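Q: Take this structure, written in structure tokens, and hold onto it; I'll ask about it next.
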Amino acid sequence: MDGFPVNITEAEAPHFIIDGKLQDILKVTPGACLQYAVIEGAVQPAGEPLTSHFQKEFVGVLQKFLLREHRLVWNSLSRTWTDSERVLHHRVSEVPFVLVGSNETTVRVLCPLQASGLHMETTHEKFHQVNYGLGDIIGQYLSGEKLKGQLETEEMLKVGTTLTGVGELMLDVDGTLNLRPPSNGSQYFLSITDFDTLLGEQQSAALWWKALAVGSALVGAAVLAWVGRRYYSHLKVRWEREQERREFERLQADGSRAAGRDTPQAATHPRDHRETTERPQQHLHLRRQSKSSCAPRGSRQETNNKQPLQRERKKRENTALLRT
């Protein structure tokens, strides 16, 4: 029960019987006050009691009337009709009352409406169902709201009920015993059940709240872990993409540098190839030109060489003719 000091204080609160000794105990107590005490007594009005509006034989000191309207509202997301409740009227009435002990010793109960716990019982409950016509049904489907009816309830703390009170017990200057909300911030209880049942209910509620807190903490931790994991995955993906981008840029830069070194060689190779292919062609062309130029020159030399021979031959022929 760690973390729930109210229940620990309640469990350790002294339990007193309402009798003459209670007044003597408070007289010797510093400040004539017990910050947290448990008492039990029968409910009696200090004046005129309240009468039930529906059961005239029931009288009490606390009365609560509640009128609630119940509707069905169409939920477009789930495509179903859901219950809706609205309070139309709420009224609480009270009269001063006391708790009576074994020897007619009384303890006045102050601020009962501030107390927690089940201290009233239901004396009346009735549901007024609404009858629909055809037009009403069509209007309900068009508006998305369907009126079911009205529930009226009445609760009372009846006279003669044994009531358990847990709070600050003090002795007034006029000798009156009073039970009021604790001034130290502890919880104020009024219940029609006995103290053991009240303590068990509060411990169960405290245990439930503790389990709910632990469950909420676990769910919160799980949600934080899930969010952290997704965030880590997102950062990891971004880091990997950044690494890939840098690697791509590095490879692209290396490729550009390699292309820059290979570009002059690639530019000279075609020229060298053209030169090597053009040189044999030029050499062949020159040879052809040389042959073509040499051929006429040779023929001219031969003709030049033949002309003196012919003249010599003619001279010889002329000489021979003269001799004859």
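Mapping the sequence shown onto UniProt numbering, position 246 (from 1) lands on 246, and the numbers just tick up by one.
C-beta: ideal position from N, C-alpha, C; glycine also.
Everything numeric in this text was worked out from a predicted model, so none of it was measured.
Start and end of the beta strand (DSSP E) containing G167?
A: 162 to 171 is the extent of the beta strand (DSSP E) around G167.
Q: Going by the DSSP bridge assignment, what does E12 pair with across the sheet?
A: E12 is not bridged to any residue.
Q: According to DSSP, what are the bridge partners of P45?
A: Its beta-bridge partners are F97.
Q: For V61, count neighbouring C-beta atoms within 10 Å of its own C-beta (all shown protein chains included) and say buried if the count is 16 or more, exposed if not.
A: Flag for V61 reads buried.
Q: With distances taken between CB atoms, is the gap from L171 to A13 smaller than 7 Å?
A: Not a contact, by the Cβ cut-off of 7 Å.
Q: Using a Cβ distance threshold of 8 Å, determine whether the stretch 145 to 154 contacts the stretch 222 to 232, with at least three qualifying pairs required.
A: Result no; under three Cβ-Cβ pairs closer than 8 Å.
Q: Hey, A46 and P96: beta-carbon distance below 7 Å or not?
A: Contact flag set, yes.
Q: Going by beta-carbon coordinates alone, are V223 and V59 separated by less than 7 Å?
A: The answer is no: Cβ separation not under 7 Å.
Q: Check for me: the alpha helix (DSSP H) holding G135 runs from which residue to which?
A: Segment 134 to 143, the alpha helix (DSSP H) holding G135.
Q: Evaluate P182 with the Cβ neighbour count: other Cβ atoms within 10 Å of its Cβ, from every protein chain shown; 16 or more gives buried, anything less gives exposed.
A: Its Cβ being crowded by 16 or more others within 10 Å, P182 is buried.
Q: Can you tell which of T123, G255, H119 has the C-alpha that lies nearest to the C-alpha of residue 375?
A: Nothing about residue 375 can be reported from this structure: the residues present for the chain run from 1 to 324 only.
Q: When you compare each of K315, S143, A259, I192 to residue 325 by their alpha carbons, which one comes out closest?
A: Within the shown structure, residues of the chain are numbered from 1 to 324, placing residue 325 beyond reach of any answer.
Q: Looking only at its own chain, which residues have a Cβ that is under 6 Å from the Cβ of L66, when we skip the five neighbours before and after it?
A: Around L66: H90, T153.
Q: With a CB to CB cut of under 6 Å and the five nearest residues on each side skipped, what residues in its chain are close to T106?
A: Counting only Cβ-Cβ distances below 6 Å, and skipping sequence neighbours, we find V98, V100.
Q: With H, G and I counted as helix, E and B as strand and the rest as coil, what does DSSP make of A115?
A: Of the three classes helix, strand and coil, the one that applies to A115 here is coil, per DSSP.
Q: If I follow the unbroken beta strand (DSSP E) through Q129, where does it start and stop?
A: From DSSP, the beta strand (DSSP E) with Q129 extends over 121 to 129.
Q: Look at the alpha carbon of V73 and the alpha carbon of L142, and state the distance between them as a whole number of angstroms.
A: Their Cα atoms are separated by approximately 11 Å.
Q: Note down, in chain order, each residue of its chain lying with its Cβ closer than 6 Å to the Cβ of H124, except the 5 sequence neighbours on either side.
A: Here the set comprises F54, E154.
Q: Taking the alpha helix (DSSP H) that K27 falls in, what are its first and last residues?
A: Note, K27: alpha helix (DSSP H), 20 to 28.
Q: With DSSP as the reference, label E57 as helix, strand or coil.
A: It is coil, neither helix nor strand.
Q: Could you check which residue in K56, I18, G144, R250 has the C-alpha nearest to that of L77?
A: Checked all of K56, I18, G144, R250; the closest Cα to L77 is G144.
Q: How would you label E168, buried or exposed, when you count the other beta carbons within 10 angstroms and need 16 or more for buried?
A: It counts as buried.
Q: What is the rounded straight-line gap between the Cα of G20 and the Cα of N103?
A: Roughly 7 Å between the two C-alpha positions.
Q: Go through its chain and collect everything with a Cβ distance to T51's Cβ below 6 Å, but skip five positions before and after it.
A: Taken in chain order, the residues that qualify are V59.
Q: For L179, collect the residues of the same chain with a Cβ closer than 6 Å to its Cβ; drop the 5 residues on either side in sequence, then sort them by chain order.
A: Hits under 6 Å: V107, V109, G165, G167, L169.
Q: Nearest to Y132 by CA position, among R68, G149, V237, G175, is which residue?
A: Here the closest residue by C-alpha is G149.
Q: Tell me the DSSP secondary structure of D196 in three-state form.
A: Helix at D196.
Q: Quick check: what's the CA-CA separation for P49 versus E57?
A: P49 and E57: Cα-Cα distance of roughly 12 Å.
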